[in-house]
Amino acid sequence: MKASYRRDYKSIGGKMLVALGMMAVMPYVLLVYLFISQEITLTQTAAAFFPLILFSILVGYSLLRHSADNVFYLSRETEMLESGEKNGPIQISAEREINEIAAHFNSLVNRLEKMNRKNQEQAMQLMVYSRDLALSYQKTKQEEDLRNRLSRYVGSHLVEKLVSTKDSVLAETERREVTVLFADIRSFTTLAEQMAADAVVLMLNQFFSVMVEIVFKHNGLLDKFVGDQLIAVFGLVDATGNPADNAIRTAIEMQTATEEMMKQRKDAGLETFKIGIGINTGQAIIGNIGSSNRMDYTVIGDCVNVAARLERMAKGDEIIIGEKTYLSHTDIFNIESRGEIYVKNKTKPVVCYNILQ
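Counting from 717, one number per residue, gives the positions in the sequence shown under my numbering.
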């Protein structure tokens, strides 16, 4: 809104005009009037002139001094606000111009205070956002580390399930019933001696890549590779399906996939092999085992040892399962009994069965 600067006697401009009139004009006007009217002599005029001038000057000075005091007060108030000695609006009753200056200054201070409060609120919001962002980054980093760790043992669908449910199964040490599968290439040592080193490594990598995908497909956990041997565990990280059934289906699919791979290798003029598989179900100890600088999440116990012994007994293309696996399975498989067999480090014979494909 445009300010009006109309001069009146309450404004500084009006008071200055009155003061100037009192100090400079009024004495001469009175003097001329008295002299022209010849009511007084020149001596009388001079005697009356000086007191009149003095009175006019004092009145004009008083008016100007009052305005100057108001300006000084306004200056002091703004200085105190600037230094922080005082808060709140300037309270003053003075000439219109000074009142308007004080009102404009108060309005400016009020706007600055609002802006300052808004900036403080935004700063707090930024701090909260920054904290949430840091927590989100930390959470994402932890989840990514967990994914990388889990991907060594289980398939991608189980990785996402374990991450999303915050399942810390791989951090637990416990004893529980699991089904363990051992798969091994028959006569691998003889085969490797006939092949170049890089060809052996390439063959193993191709073979294990296919086998691991089959293990993950049936909700198995990859325990480890030992040379040409693969060890998988079922019933540890996922309750979907029967662990014994999952292990048997994995073994059957492994044999089928190996047969297909060997046909391709034979057609390419490459060496071929067969695999033997042993499966056993029972109590095992699960946990991170190793040294301070190298640990593996693995299973140990009699159940694992028996599965390894059954795998060693299996010929190429054979799948041998223990009695507990046979009793635990629920799907329909073509199974025949092998009766009781003696295995190393067991005083009693082990009842086992063959899975016929």
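Note that the Cβ used here is the ideal one computed from N, Cα and C, for glycine as well.
Distance CB(residue i)-CB(residue j) smaller than 7 Å
i: G1055; j: A1030; result: no
i: V894; j: G957; result: no
i: T1041; j: T974; result: no
i: N960; j: H1045; result: According to the sequence provided, residue 960 is Ala. The question's Asn does not apply to it. Yes; because the gap between Cβ atoms is below 7 Å, this pair is in contact.
i: V896; j: V1020; result: yes
i: E890; j: I1005; result: no
i: L842; j: I814; result: no
i: R1025; j: K982; result: no
Rounded C-alpha distance that separates residue i from residue j
i: D944; j: T856; result: 36 Å
i: D1033; j: N1050; result: 15 Å
i: I947; j: M840; result: 54 Å
i: R892; j: N921; result: 31 Å
i: M796; j: N786; result: 15 Å
i: A850; j: Q836; result: 21 Å
i: Q971; j: E1027; result: 13 Å
i: T1014; j: L938; result: 9 Å
i: G1017; j: A1023; result: 10 Å
i: N1070; j: I1035; result: 6 Å
i: V942; j: F924; result: 11 Å
i: L907; j: E987; result: 8 Å
i: V1066; j: V949; result: 20 Å
i: E798; j: R833; result: 17 Å
i: M919; j: Q980; result: 12 Å
i: K1064; j: S852; result: 56 Å
i: E793; j: K830; result: 20 Å
i: N803; j: E816; result: 19 Å
i: N935; j: M977; result: 23 Å
i: Q807; j: Q854; result: 54 Å
i: R847; j: E860; result: 20 Å
i: M1011; j: I1057; result: 35 Å
i: S1053; j: S1008; result: 45 Å
i: A784; j: V825; result: 24 Å
i: M911; j: L1043; result: 42 Å
i: V844; j: F788; result: 46 Å
i: I1048; j: L1072; result: 12 Å
i: I930; j: V953; result: 16 Å
Whole-angstrom C-beta distance between residue j and residue i, which should lie under 8 Å
i: D900; j: I991; result: 6 Å
i: F904; j: F989; result: 7 Å
Residues that DSSP places opposite residue i in a beta bridge
i: Q945; result: D900 and V942
i: V953; result: Bridge partners of V953: none, in fact.
i: S700; result: No information on residue 700 is available, as it lies outside the stretch 717 to 1073 that the chain covers here.
Practice item. Output the residue ranges of the alpha helix (DSSP H) runs that lie fully inside the region 785–860 and measure 4 residues or longer, sorted by chain position. Key: Correct list: empty.
Review point. Which runs of the beta strand (DSSP E) fall wholly inside the region 956–1038 and span at least 3 residues, in chain order?
Key: 991–1007, 1010–1016 and 1035–1038
Practice item. Identify every run of the alpha helix (DSSP H) within the region 883–940, keeping only runs that are complete inside it and at least 4 residues long; order them along the chain. Key: 904–909 and 913–933
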